[in-house]
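Colleague: This note's numbering numbers the first residue of the sequence shown as 13 and each following residue consecutively.
Even glycine gets a Cβ: it sits at the ideal position worked out from N, Cα and C.
Owing to the predicted nature of the structure, the values given are computational and were not obtained by experimental measurement.
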Amino acid sequence: MTSREEFEKREESFISPYGLPSSQSRGRVREEAPCPIRSDFQRDRERIVYCNAFRRLKHKTQVFLSPLGEHYRTRLTHTLEVAQLARTVARAMRLNEDLTEAIALGHDLGHTPFGHSGETVLKEIYSGNFSHPIQSLRVIDVLEKNGEGLNLTHEVRDGILKHSKGYGTIIPEDSKEKACTVEGQVVRVADIMAYLNHDLDDAIRSGVICEGQIPERCVNVLGTSHPDRATTMLRDLIYASHPENGEMKLQITDDVHRAMDELRNFLYHNVYRSPRVHNEFIKSKKILRELYTFFLEDQHETIFLSELDALEMPERKKGRSKERSVCDFIASITDRYALELYERLFLPLSLV
């Protein structure tokens with residue numbers, strides 16, 4: 013018996029009936045020989061951590077563009093906080109921690125530069141159907157490893173695709189919006205818990221808002237500090253969730269749910285739409301729009317191919333439109349890369 017087989021046997025003994033043991037995965041798009049040491053979900057987690065798209069998250073905006081302080085969240089630190097929260101829930105509920113962590117670590121691989129302003133501009137200039145969850149799946153399936161993709165398991169891919177619905181409900185009722193595993197559903201909730209907490213934390217640190225502005229219900233129900241709020245939300249999800257009709261039904265109590273909704277609404281109007289944040293997003297949209305238009309022009313094809321090569325992305329393939337390739341490129345680059353590229357392409361060289 014291999015180390016993996018021994019682990020899978022132990023795993024089936026401690027995972028609850030509502031979690032998914034690694035041995036019961038529906039497998040990969042392209043069949044592979046099993047690893048003698050790691051389970052399929054452990055391999056997925058490691059493929060995500062070692063891929064280029066994951067490393068680029070460290071230079072992608074969460075909320076604040078080019079913050080002056082060292083302690084503001086980036087898309088990478090957001091991802092790590094989601095993984096930590098989701099894994100805590102998975103352990104408490106005896107779910108598959110490796111599956112949960114793999115989904116959490118991969119959920120934002122397709123996120124654009126400059127936060128949600130990048131996603132908005134690609135909706136406007138490429139397709140109204142563009143979204144970062146769909147792009148994350150495209151990164152996994154098509155763009156990574158120079159076009160080979162990561163070939164992740166069905167359950168990890170499904171959880172990544174369904175981790176977000178914009179400002180939709182925290183726990184959806186529609187089965188089409190839910191991940192096929194409880195682990196994937198947990199990541200969706202953990203994602204919301206993470207950004208509610210850390211975006212509020214960063215907004216206070218930056219001076220965009222002050223603690224006295226936080227709605228009274230949010231303070232009274234969730235707590236006054238980041239650890240208090242996280243503990244309240246985690247505990248509530250873990251203890252309110254329960255089996256129903258043979259399935260695990262994730263649930264949050266009414267008081268906590270209302271407080272989370274109110275906090276999300278408060279952040280939207282007072283942080284994300286604040287002049288300081290929104291004005292920077294307008295500038296970033298202009299940068300991405302001009303880069304997109306530039307690379308669509310046939311006369312710049314050589315430059316575009318060299319940029320794809322520098323980013324270790326696959327060259328344009330037969331049957332793939334130029335618009336699709338340029339969209340993939342724009343969505344993949346980091347804030348810093350976009351700014352440097354814009355300067356190189358559009359600003360005059362210094363005469364000094």
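With C-beta atoms as the reference, is Val-168 less than 7 Å away from Gly-161?
Modeller: For this step, residue 168 is matched to residue 156 along the sequence shown. For this step, residue 161 is matched to residue 149 along the sequence shown. Cβ distance not < 7 Å, so Val-168 and Gly-161 don't count as in contact.
Colleague: Could you give the distance in angstroms between the alpha-carbon of Arg-55 and the alpha-carbon of Arg-85?
Modeller: Here residue 55 corresponds to residue number 43 of the sequence shown, with the count starting at 1. Here residue 85 corresponds to residue number 73 of the sequence shown, with the count starting at 1. When rounded, the distance between both Cα atoms is 27 Å.
Colleague: Taking the alpha helix (DSSP H) that His-281 falls in, what are its first and last residues?
Modeller: If you number the sequence shown from 1, residue 281 lands on position 269. Segment: none, His-281 is in no alpha helix (DSSP H) and carries neither H nor E.
Colleague: Can you tell me whether Glu-23 is buried or exposed? The criterion is at least 16 other CB atoms within 10 Å of its CB, across all chains shown.
Modeller: Residue 23 sits at position 11 when you count from the first residue of the sequence shown. Per the 10 Å Cβ criterion, buried.
Colleague: Starting from the C-beta of Asp-120, find all residues in its chain whose C-beta is less than 6 Å away, skip the five residues before and the five after it, and write them out in chain order.
Modeller: As a first step, residue 120 is located in the sequence shown; it is residue number 108 there, counting from the start. Result list for Asp-120: Arg-87 and Thr-91, in chain order.
Colleague: Check whether the segment 314 to 330 touches the segment 271 to 282, counting contact only when three or more Cβ pairs, one atom from each stretch, lie closer than 8 Å.
Modeller: Taking 8 Å as the limit for Cβ pairs, the verdict is that the segment 271 to 282 does not touch the segment 314 to 330.
Colleague: Could you check if Gly-196 is buried or exposed, using at least 16 other CB atoms within 10 Å of its CB as the buried criterion?
Modeller: Stepping through the sequence shown from its first residue, residue 196 is reached at position 184. Burial call: buried.
Colleague: Could you tell me whether the segment 240 to 251 touches the segment 200 to 216, using the rule of 3 or more Cβ pairs below 8 Å?
Modeller: Flag = yes, the segment 240 to 251 and the segment 200 to 216 touch.
Colleague: Does Ala-45 pass the burial test, meaning 16 or more other C-beta atoms within 10 Å, or should it be called exposed?
Modeller: Along the sequence shown, one-based indexing puts residue 45 at 33. Counting Cβ neighbours within 10 Å, Ala-45 comes out exposed, since fewer than 16 surround it.
Colleague: DSSP three-state label for Pro-360, please.
Modeller: Along the sequence shown, one-based indexing puts residue 360 at 348. Note: Pro-360 maps to coil in three-state DSSP.
Colleague: Which term fits Cys-230, buried or exposed, when burial requires 16 or more other beta carbons within 10 angstroms of its beta carbon?
Modeller: As a working note, residue 230 is residue 218 in the sequence shown. Cys-230 is buried by the Cβ-count criterion.
Colleague: Output yes or no for whether 7 Å exceeds the beta carbon distance between Ile-183 and Arg-106.
Modeller: Within the sequence shown, the letter at position 171 stands for residue 183. Within the sequence shown, the letter at position 94 stands for residue 106. Taking 7 Å as the Cβ cut-off, Ile-183 and Arg-106 do not qualify as a contacting pair.
Colleague: Can you list, in chain order, the residues of its chain with a C-beta nearer than 6 Å to that of Ser-143? Leave out the 5 residues immediately preceding and following it.
Modeller: For the purposes of this step, residue 143 is taken as the residue at position 131 of the sequence shown. None.
Colleague: Would Asn-158 pass as a contact of Arg-42 if the rule is Cβ separation under 7 Å?
Modeller: For the purposes of this step, residue 158 is taken as residue 146 along the sequence shown, with counting starting at 1. For the purposes of this step, residue 42 is taken as residue 30 along the sequence shown, with counting starting at 1. No, they are not a contact pair.
Colleague: Report all residues from its chain with a CB closer than 7 Å to the CB of Arg-59; omit the five preceding and five following residues, and keep chain order.
Modeller: For this step, residue 59 is matched to residue 47 along the sequence shown. Excluding positions up to five away in sequence, the list reads Leu-162 and Leu-164.
Colleague: Based on the DSSP secondary-structure assignment, which residues constitute the bridge partners of Glu-256?
Modeller: Taking the sequence shown and counting its residues from 1, the one referred to as residue 256 is at position 244. Partner(s): Glu-259.
Colleague: Arg-40 by DSSP, collapsed to three states: which one?
Modeller: The sequence position of residue 40 within the sequence shown is 28, counting from 1. Strand.
Colleague: Rounding to the nearest angstrom, what Cα-Cα distance links Pro-48 and Thr-89 in this structure?
Modeller: The sequence position of residue 48 within the sequence shown is 36, counting from 1. The sequence position of residue 89 within the sequence shown is 77, counting from 1. Distance between the alpha carbons of Pro-48 and Thr-89 is about 32 Å.
Colleague: In chain order, what residues of the same chain lie with their CB nearer than 8 Å to the CB of Ile-226, ignoring the 5 residues before and after it?
Modeller: Within the sequence shown, numbered from 1, the residue matching residue 226 stands at position 214. For Ile-226, where only same-chain residues beyond five positions count, the Cβ hits under 8 Å are Leu-212, Leu-275 and Phe-278.
Colleague: Whose CA, out of Gly-31, Leu-357 and Glu-256, lies closest to the CA of Val-198?
Modeller: Position 186 of the sequence shown holds residue 198. For Val-198, the nearest C-alpha among the options comes from Gly-31.
Colleague: Classify Lys-135: buried if its beta carbon has 16 or more other beta carbons within 10 angstroms, exposed otherwise.
Modeller: Numbered from its first residue, the sequence shown carries residue 135 at position 123. By the 10 Å Cβ count, Lys-135 comes out exposed.
Colleague: Please name the residue in Ile-342, Glu-319 and Val-194 whose C-alpha comes closest to that of Leu-303.
Modeller: Here the question's residue 303 lines up with position 291 in the sequence shown. Nearest C-alpha to Leu-303: Ile-342.
Colleague: Leaving out the 5 sequence neighbours to the left and right, which residues in its chain are closer than 7 Å to Cys-63 when beta-carbon positions are compared?
Modeller: As a working note, residue 63 is residue 51 in the sequence shown. Contacts found: Glu-156 and Leu-162.
Colleague: Would you list the one or two residues that DSSP bridges to Thr-14?
Modeller: Within the sequence shown, the letter at position 2 stands for residue 14. In DSSP, Thr-14 forms no bridge with anything.
Colleague: Considering only their Cβ atoms, is the gap separating Phe-126 from Ser-296 smaller than 7 Å?
Modeller: Sequence index remark: in the sequence shown, residue 296 carries index 284 (1-based). Sequence index remark: in the sequence shown, residue 126 carries index 114 (1-based). Yes. Within cutoff.
Colleague: Buried or exposed for Leu-363, please, with buried defined as at least 16 other CB atoms from any protein chain shown within 10 angstroms of its CB.
Modeller: In the sequence shown, residue 363 corresponds to position 351, counting from 1. Caution applies to Leu-363, whose pLDDT of 48 falls short of 50 and renders its modelled position unreliable; the value that the coordinates give is listed next. Leu-363 should be labelled exposed.
Colleague: Could you name the residues of the same chain whose beta carbon sits closer than 7 Å to that of Arg-57, not counting the 5 residues immediately before and after it, in chain order?
Modeller: The residue you call residue 57 lines up with position 45 of the sequence shown. Asp-110, Glu-113, Ala-114 and Leu-117, listed in sequence order.
Colleague: Name the DSSP beta bridge partners of Thr-86, please?
Modeller: If you number the sequence shown from 1, residue 86 lands on position 74. Beta-bridge pairing links Thr-86 to Thr-73.
Colleague: So what does Thr-165 bridge to, in DSSP terms?
Modeller: Taking the sequence shown and counting its residues from 1, one reaches residue 165 at position 153. Thr-165 pairs with Arg-40.
Colleague: Enumerate, from N- to C-terminal direction, the unbroken beta strand (DSSP E) stretches of 3 or more residues contained entirely within the segment 125 to 213.
Modeller: Correct list: empty.
Colleague: Going by other Cβ atoms of all chains shown within 10 Å of its Cβ, with 16 needed for buried, is Glu-324 buried or exposed?
Modeller: Indexing the sequence shown from 1 puts residue 324 at position 312. Under this definition Glu-324 is an exposed residue.
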